[in-house]
Amino acid sequence: MRVLILYNPVSGRGKACKMAYAIAEQFVKSSCDIEMIATQLGDPKEWLAPKFKCTPDAIIVVGGDGTLRQVASVLVGTTSPVYHAGSGTENLFAKSMNTNNTSPESIVDSVLNTVCTEIDTATANGEFMLLMASVGFDAAVVTDLASNRGNSITHFSYIMPCLRQLVKWNPPTISILVDGEEVVSSQTGWAVVANSKQYARGLNPARNANITDGKLDVVFLPLKNRLGLLNWIRWMKRGTHLHHPDAVYATGCKIEVRTTTPAPWQLDGDGIGDATEMKLICLPGSLSVFSDTHVVHS
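Counting in this note's numbering, the sequence shown runs from 32 upward without gaps.
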């Protein structure tokens, strides 16, 4: 069995390196052919795609959601399954697959004995999307963080960006089309388009999203000003926000979100710059993964 172990050398302040070598040691005991690869900056199609010319039987990604997204963008449409051993700040994909907080021994056991499943991915204006995209307060915060971050981040890294954006952020005016039908027309607020229900700090705005249903879920939360955001966060924490009569929730294969002026967007937790239009398209069953299938289909 040929196994590639990709790890982010700065993820978890070195935690990913230690975890990757511990996993490799366990695979060697199982007589697997192992190759260790440290992730690099730049387009993964240039430095990673050549490694897939001889199709690996399994890819283990040790790092955060950004590392996983980088690797998965190259794996879309291939038969090589991926396992996320999360060592980042949130590890939302690992939570989605129920592969978070596992030992090297259990990771090897899962890879050797688990039947793989196919999940959906998506594109956002042509860019690869795995978990979610949004325009609103969260996108403004991660954009702020990106301009002030170091090599490694923790939950504490978000405190100052959150405070700065609470002072100066203003909700964008948004229109949303789902499979060509307008569901939101020129309202100020916050929009999240999700492939998975997992979201930072367990808020889960699209709490009904299913990563294998062939659709994307879109949530719109209207806001008159930034102070109203605190109420939505409180309701999300309780899991009651979708019961609010002003919340908009819809599913579809193609989602189009427009803003009247350029607004910052985030994609899988990374700021991707300002835009006035984002077209998101679901790609059903496009990525093979190791997972707890009960969790994936719930």
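Built from N, CA and C at the ideal position, the CB exists for glycine as well.
Report the CB separation of residue i from residue j in whole angstroms; it is logged as a contact under 8 Å.
{"i": "G119", "j": "S42", "result": "5 Å"}
{"i": "N131", "j": "N144", "result": "About 19 Å; that fails the 8 Å criterion."}
{"i": "Q71", "j": "P135", "result": "The Cβ separation is near 24 Å, so there is no contact."}
{"i": "A222", "j": "A237", "result": "The pair is not a contact, with the Cβ atoms about 11 Å apart (cut-off 8 Å)."}
{"i": "K246", "j": "N239", "result": "That pair is no contact at about 11 Å."}
{"i": "V92", "j": "A53", "result": "So it is not a contact: roughly 15 Å between Cβ atoms."}
{"i": "Y38", "j": "G94", "result": "6 Å"}
{"i": "D305", "j": "P293", "result": "4 Å"}
{"i": "D88", "j": "V34", "result": "6 Å"}
{"i": "I90", "j": "S111", "result": "6 Å"}
{"i": "P192", "j": "V172", "result": "5 Å"}
{"i": "T219", "j": "L258", "result": "With 8 Å as the limit, T219 and L258 do not qualify as a contact, their Cβ atoms being about 13 Å apart."}
From the DSSP secondary-structure annotation, give me the bridge partner or partners of residue i.
{"i": "G283", "result": "L247"}
{"i": "S165", "result": "V223 and Q297"}
{"i": "D64", "result": "R33"}
{"i": "F159", "result": "T154"}
{"i": "Q218", "result": "I205"}
{"i": "T110", "result": "Bridge partners of T110: none, in fact."}
{"i": "I90", "result": "L35 and V113"}
{"i": "A69", "result": "Y38"}
{"i": "T120", "result": "Beta-bridge pairing links T120 to no other residue."}
{"i": "G185", "result": "Note on identity: in this sequence residue 185 is Thr, with Gly being the wrong assignment. None, per the DSSP bridge assignment."}
{"i": "T290", "result": "I205"}
Quick one: give me the first and last residue of the beta strand (DSSP E) that residue i is part of.
{"i": "S206", "result": "T204 to V209"}
{"i": "G316", "result": "D301 to V320"}
{"i": "A116", "result": "V113 to G117"}
Going by other Cβ atoms of all chains shown within 10 Å of its Cβ, with 16 needed for buried, is residue i buried or exposed?
{"i": "M50", "result": "buried"}
{"i": "F321", "result": "buried"}
{"i": "N235", "result": "buried"}
{"i": "D248", "result": "buried"}
{"i": "A155", "result": "buried"}
{"i": "A125", "result": "buried"}
{"i": "E212", "result": "exposed"}
{"i": "L99", "result": "buried"}
{"i": "A69", "result": "exposed"}
{"i": "S319", "result": "buried"}
{"i": "C85", "result": "exposed"}
{"i": "S216", "result": "exposed"}
{"i": "I190", "result": "exposed"}
{"i": "T73", "result": "First, the residue type needs correcting, since residue 73 is Gly and not Thr in the sequence shown. G73 is exposed by the Cβ-count criterion."}
{"i": "L176", "result": "buried"}
{"i": "M32", "result": "exposed"}
{"i": "E308", "result": "exposed"}
{"i": "T291", "result": "exposed"}
{"i": "R289", "result": "buried"}
{"i": "N256", "result": "exposed"}
{"i": "N241", "result": "buried"}
Per DSSP, what kind of secondary structure is residue i in: helix, strand or coil?
{"i": "F83", "result": "helix"}
{"i": "K76", "result": "helix"}
{"i": "K228", "result": "coil"}
{"i": "E136", "result": "helix"}
{"i": "L234", "result": "coil"}
{"i": "L252", "result": "strand"}
{"i": "A278", "result": "coil"}
Give the range of the alpha helix (DSSP H) segment to which residue i is assigned.
{"i": "V198", "result": "I190 to K199"}
{"i": "I54", "result": "K46 to K60"}
{"i": "L260", "result": "G259 to R269"}
{"i": "F168", "result": "F168 to A177"}
{"i": "T145", "result": "Neither: T145 is in no alpha helix (DSSP H) and is coded neither H nor E."}
{"i": "D96", "result": "D96 to L106"}
{"i": "S125", "result": "What sits at residue 125 in the sequence shown is Ala, not Ser. Note, A125: alpha helix (DSSP H), L123 to M128."}
Got a sec: is the Cβ-Cβ distance from residue i to anything in chain B below 8 Å?
{"i": "M163", "result": "Protein chain content of the structure displayed is limited to a single chain, and chain B is not contained in it."}
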